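Asks: Residue 17 in this note's numbering sits at position 17 of the sequence shown, with consecutive numbering throughout.
Beta carbons: idealized from backbone N, C-alpha and C, even for Gly.
This one's a predicted model, so the numbers in the text were calculated from it and none came from an experiment.
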Amino acid sequence: MPLEVIPDKREMAIRAEEFRRDGRRIAFVPTMGFLHAGHVSLLEEGRRRGDVLVLSIFVNPIQFGPNEDLARYPRDLPGDLEKARRAGVDVAFVPEPAQMYTEGFQTSVEVREIARGLCGDKRPGHFVGVATVVTKLFHIIKPHVALFGEKDYQQLAVIRRMVLDLDFDIEVLGMPIVREPDELAMSSRNAYLSGEERQKALVLSRTLNLAEEMVREGERDAARVLSAARALINSVGGVRIDYVDLRDAVTLAEVARIERPTLLAVAAFVGKTRLIDNRVLTPRS
Ligand code: PAF
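Dropping the structure here:
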């Protein structure tokens with residue numbers, strides 16, 4: 001089936017209805033475009049999970065704060081569509097903001113506890129913007145399965161909670177972080193980094209490796225792991241910590257001891273670019 005590109009939400013909703021009427025299972029990968037190997041891994045898994053693969057490309061204005069990078073967020077629709085074709089996408093839904101947020105728009109979806117802390121505190125309103133747009137995309141595309149990257153760990157937890165709480169009949173699949181050969185986590189925002197900043201950014205994955213090693217060697221005290229993690233990041237000039245935190249990997253509640261699978265989540269500014277990375281630390285019992 002050749003790639004269909006649909007900018008109109010009503011047309012997209014009608015196509016989705018047709019797929020469902022024909023008994024086809026819809027796999028859906030929501031993105032903000034500027035696709036990289038991480039997105040492609042979601043598309044490839046989506047291809048395996050569904051009879052029809054739908055990709056959305058929409059830079060969602062309501063999930064950006066006033067001082068964030070909405071205006072300069074990287075975009076490359078022709079390049080994205082080429083990658084989508086190669087990954088076997090059937091439909092690319094590419095709405096304009098005015099399509100998604102018609103005049104007078106005033107409704108939002110808020111997931112509470114799990115959206116607090118980490119990026120939720122540092123980016124007020126971000127997860128309301130994400131939950132709202134994902135709800136809209138779910139209604140329009142009517143997927144059976146939706147795939148999200150584990151790099152946005154808290155986002156995935158928010159979506160899972162929302163799907164449960166609002167009774168969406170959708171399987172949510174989290175996919176592992178895809179890394180460059182030097183271990184930098186793939187992100188559309190890596191495009192902002194200069195050569196020097198890119199080198200400095202490697203301290204994020206080194207921090208995850210250090211913490212993993214400490215836990216492997218028996219460290220269970222969260223404060224000691226956090227202190228070592230912060231010291232390592234602070235040792236690199238031009239890198240500023242936004243947060244470094246350890247949370248229960250399931251509930252995202254704060255932890256004092258690493259006795260169960262525990263998320264180490266890191267956000268830092270490398271120059272002006274805010275990057276995030278994470279790893280689940282699993283202590284040997
Ligand atoms: O992860 C993203 O790219 C976005 O937050 C999402 C899920 C597409 C919602 O805009």
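1) Taking only three categories from DSSP, how would you classify Pro30?
2) Are the CB atoms of Leu35 and Gly46 within a distance shorter than 8 angstroms?
3) Mapping the DSSP letters down to three states, classify Met100 as helix, strand or coil.
4) Restricting to Cα atoms, I'd like to know which of Leu55, Ser227, Glu217 is closest to Leu81.
5) Say the cut is 7 angstroms; is the CB of Asp152 nearer than that to a heavy atom of the ligand PAF?
6) I'd like the list of long-range same chain contacts for Glu254, defined as Cβ closer than 7 angstroms, with 5 residues on each side in sequence excluded.
7) Which class does Met175 belong to by DSSP, given the choice of helix, strand or coil?
8) Let me know if Glu150 comes out buried or exposed under the rule of 16 or more other beta-carbons within 10 Å of its beta-carbon.
9) Which residues have their C-beta within less than 6 angstroms of a heavy atom of the ligand PAF, listed in chain order?
10) Since Val203 contacts Val236 with CB under 8 angstroms, what's their CB separation in whole angstroms?
11) Assuming contact is defined by CB atoms lying nearer than 8 angstroms, are Asn278 and Tyr101 in contact in what I supplied?
12) Checking 8 angstroms against the spacing of the C-beta atoms, do Arg85 and Leu147 come in under that value?
13) Any chance the stretch 187-194 sits against the stretch 203-212, with 3 or more Cβ pairs inside 8 angstroms?
14) Does Asn190 come out as helix, strand or coil in the three-state DSSP assignment?
15) For the candidate residues Arg284, Pro7, Leu281, Gly271, whose alpha-carbon lies nearest to that of Ile140?
16) Once DSSP output is grouped into helix, strand and coil, what is the label at Ile233?
Replies: So, from the data block:
1) Residue mapping note: residue 30 aligns to position 30 of the sequence shown, counting from 1. It is a strand residue.
2) For the purposes of this step, residue 46 is taken as residue 46 along the sequence shown, with counting starting at 1. For the purposes of this step, residue 35 is taken as residue 35 along the sequence shown, with counting starting at 1. Cβ atoms of Gly46 and Leu35: not closer than 8 angstroms.
3) As a first step, residue 100 must be located in the sequence shown, where it is residue number 100. Of the three classes helix, strand and coil, the one that applies to Met100 here is helix, per DSSP.
4) Taking the first residue of the sequence shown as position 1, residue 81 is located at position 81. When only C-alpha atoms are compared, the closest one is Leu55.
5) Here residue 152 is taken as the residue at index 152 of the sequence shown, counted from 1. The answer is yes for Asp152.
6) Start at 1 with the first residue of the sequence shown, and residue 254 comes out as number 254. Within the same chain, Glu254 has close Cβ partners Arg247.
7) In the sequence shown, the residue the question calls residue 175 occupies position 175. Strand at Met175.
8) Sequence index remark: in the sequence shown, residue 150 carries index 150 (1-based). With 16 or more other Cβ atoms within 10 Å, it is buried.
9) Pro30, Thr31, Met32, Asn60, Gln63, Val130, Val133, Val134, Asp152, Gln155
10) In the sequence shown, counting from the first residue as 1, residue 203 sits at position 203. In the sequence shown, counting from the first residue as 1, residue 236 sits at position 236. Correct: roughly 5 angstroms between the Cβ atoms.
11) Numbered from 1 along the sequence shown, position 278 holds the residue referred to as residue 278. Numbered from 1 along the sequence shown, position 101 holds the residue referred to as residue 101. Going by C-beta atoms, Asn278 is not nearer than 8 angstroms to Tyr101.
12) Residue numbering aside, residue 85 sits at position 85 when the sequence shown is read from its first letter. Residue numbering aside, residue 147 sits at position 147 when the sequence shown is read from its first letter. No. Outside cutoff.
13) no
14) For the purposes of this step, residue 190 is identified with residue 190 of the sequence shown, where counting begins at 1. Helix at Asn190.
15) Taking the first residue of the sequence shown as 1, we reach residue 140 at position 140. It is Pro7.
16) Walking along the sequence shown from the start, residue 233 turns up at place 233. Three-state result, Ile233: helix.
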